[in-house]
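Under the numbering used here, the first residue of the sequence shown carries the number 312, and numbering increases by one thereafter. Note that CB positions come from ideal geometry on N, CA and C, so glycine has one too.
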Amino acid sequence: MVLAARRFVLGVSGGIAAYKAVDLVRRLRERGAEVRVVMTAAAEHFVSPTSFQAVSGHPVRTALWDESAEAAMGHIELARWATDLLVAPASADLIARLAQAQADDLLTTLALASAGRLWLAPAMNQQMWAHPGVQANVACLRARGARLVGPAEGEQACGDFGAGRMSEPMEIVEAVAGIDLREIGASMQGKRVLMTAGPTLEDIDPVRFVGNRSSGKMGFAVAAAAREAGAEVVLIAGPVALCTPDGVTRVDVRSAKQMHDAVMARVDEADVFIAAAAVADYRPVAMLDNKRKKSGDTWTLELVLNPDILAEVAARPKRPFVVGFAAETERVEEHARGKLERKRLDMIAANRVGLEGCGFESCDNALSVYWAGGGEEINLGAKSDVARSLVALIAARMAER
Ligand code: C5P
């Protein structure tokens with residue numbers, strides 16, 4: 312969503328790094344972005360437009376004076392369409408022409424006609440990059456709001472060593488994806504978010520417990536993303552080995568009952584409640600004061616139902632916007648939508664457990680998000696990224712209400 316809501320004009324200027332831009336298109340599209348490629352005349356000396364056409368799925372534009380292309384989508388239309396103009400590689404010549412606000416080819420004209428974000432991934436020889444003229448042009452573009460990605464330092468195509476290499480496509484994707492959520496309209500400014508994360512552990516005796524498998528990573532990432540979106544965040548955390556995200560207030564608990572009490576003490580002040588914790592459904596009827604001695608071949612442990620924190624919050628007469636999680640192994644949508652209705656939630660985020668590269672201890676995840684009358688898929692990605700997409704969806708749903 313964070314990239315899926317974005318439309319990129321990728322401007323390719325003349326540099327040996329132009330070949331890396333082919334991979335960049337692929338990676339942007341993998342993350343859900345739409346990409347249209349515009350090449351300068353110099354870029355065509357390095358890569359053929361056919362390569363970009365194949366990876367972008369759209370015809371590539373190379374000239375301002377192409378009648379058929381102008382008839383399909385005029386350059387002003389293309390400039391308006393773009394949420395982002397990403398120039399990679401950005402040659403010294405292109406940077407100079409942008410700094411002078413020239414409009415002598417299609418790419419520079421688009422840069423003037425577009426109100427979208429301008430990103431530059433410079434690529435040139437290290438001596439050129441260090442030149443005061445180039446640095447002055449870059450400073451001037453920066454002052455006008457352009458965002459720089461790189462250049463990186465290292466061995467160059469010409470054999471030199473130093474700063475001037477274009478950043479790797481993955482780094483460029485991370486940089487363009489990493490804009491503040493508020494910038495894409497996903498603001499939670501002034502909203503108070505209360506949430507749960509991690510497992511709960513239910514003690515049997517002083518050394519044993521029953522509990523759920525949960526690293527807490529997804530919930531902590533959601534807390535960080537909500538904070539980034541401008542919310543005040545209180546995170547009720549079960550036992551996990553994670554650092555508290557910057558600016559988030561954390562309350563540590565161990566058992567479901569403690570988590571329940573910590574939530575209920577604060578829920579009246581919350582605008583949003585997000586239940587990401589893997590709460591143990593049952594706890595031992597009573598905790599033994601002393602370690603239970605080994606005896607017999609079997610051991611029957613009597614358990615009693617824990618309070619359903621999420622359902623209880625959703626059932627309150629004056630309630631916040633309520634978001635639940637669901638870990639499902641099959642028929643994800645059916646089960647998640649069932650839970651959405653049964654617990655009277657505003658939104659539910661379901662993940663399929665057991666999917667390769669996804670879930671519990673992993674740093675990656677994918678979510679299917681549902682609400683009454685709608686839904687959206689958040690593709691497999693870093694949990695931090697998936698969390699930002701989820702927060703963007705919550706902000707959008709809340710704004711609609
Ligand atoms: O019903 P199920 O346990 O699958 O529901 C999962 C959702 O309910 C999660 O959002 C979880 O945090 C929340 N939950 C809760 N209290 C419980 C059990 C689950 O808040 N006792």
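From the listed residues Glu645, Ala474, Ala432 and Ser695, the smallest Cα separation to Ala677 is found for Ser695.
Assigned with DSSP and collapsed to three states, Arg630 falls in coil, not helix or strand. The beta carbon of Glu623 lies closer than 8 Å to those of His571 and Met575 in the same chain, with the five residues before and after it left out.
Counting the other Cβ atoms within 10 Å of the Cβ of Tyr330 gives fewer than 16, which makes it exposed.
Excluding sequence positions up to five before and after Ala422, its CB lies within less than 7 Å of the CB of Leu396, Leu409 and Leu429, all in the same chain and listed in chain order.
Note on geometry: alpha-carbon atoms of Arg648 and Glu687 lie some 13 Å from one another. Taking 4 residues as the shortest admissible run, the segment 537-579 contains the following complete alpha helix (DSSP H) segments, listed from N- to C-terminal end: 567-575. Where Leu512 is concerned, the enclosing beta strand (DSSP E) starts and stops at Leu512 to Asp516. The residues Leu512, Glu513 and Asp514, in chain order, have a CB closer than 8 Å to that of Phe520 in the same chain once the five nearest residues on each side in sequence are set aside. Here His386 is buried: its Cβ has 16 or more other Cβ atoms, across all protein chains shown, within 10 Å. With three or more CB-CB distances shorter than 8 Å, the segment 321-338 counts as touching the segment 348-357.
Distance between Asp579 and Ala532, taken at the CA atoms: about 24 Å. Remark: fewer than three beta-carbon pairs, one from each stretch, lie closer than 8 Å, so the segment 549-558 and the segment 602-610 are not flagged as touching.
By the CB criterion at 8 Å, Ala706 and Ser498 fall inside the cutoff. Listed as beta-bridge partners of Arg372 by DSSP are Val349.
Not one heavy atom of ligand 1 lies closer than 7 Å to the C-beta of Leu396. As the crow flies, the alpha-carbon of Gly527 is around 19 Å from that of Thr640. Under the three-state reduction of DSSP, Ala535 is assigned to helix. Taking 4 residues as the minimum length, the alpha helix (DSSP H) runs contained wholly in the segment 477-505 are 480-488, in order along the chain.
One residue after another in chain order, those with a Cβ under 5 Å from a heavy atom of ligand 1 are Ala586, Ala588, Val590, Asn617, Asp619, Ile620, Leu621, Gly635 and Phe636. Phe472 sits exposed, since fewer than 16 C-beta atoms from the chains shown fall within 10 Å of its C-beta. Here DSSP, grouped into helix, strand and coil, assigns Ser526 to coil. In the DSSP annotation of this structure, Trp610 is not part of any beta strand (DSSP E), being labelled neither H nor E. The Cβ atoms of Tyr681 and Glu644 lie closer than 8 Å to each other. For Ala486, the closest alpha carbon among the candidates Arg493, Leu431, Ala468 and Asp600 is that of Leu431. In the structure shown, the three-state DSSP call for Glu341 is helix. Classified as exposed, Ala447 has fewer than 16 neighbouring CB atoms from the shown chains inside 10 Å of its CB. In the three-state reduction of the DSSP assignment, Val366 falls in the helix class.
Collapsing the DSSP output to three states places Arg648 in a helix. The segment 319-327 makes contact with the segment 397-406, as at least three CB pairs between them are under 8 Å. With a beta-carbon spacing of about 12 Å, Leu546 and Ala586 fall beyond the 8 Å limit used to define contacts. For Leu599, no beta strand (DSSP E) run applies, since DSSP gives it neither H nor E. Counting only residues of its own chain and dropping the five nearest sequence neighbours on each side, Pro510 has a CB closer than 6 Å to the CB of Gly522, Asn523, Ser525, Gly549 and Ala589. Looking at the backbone, the Cα of Val358 and that of Ala468 are separated by about 16 Å.
The bridge partners DSSP lists for Asp675 are Ala693.
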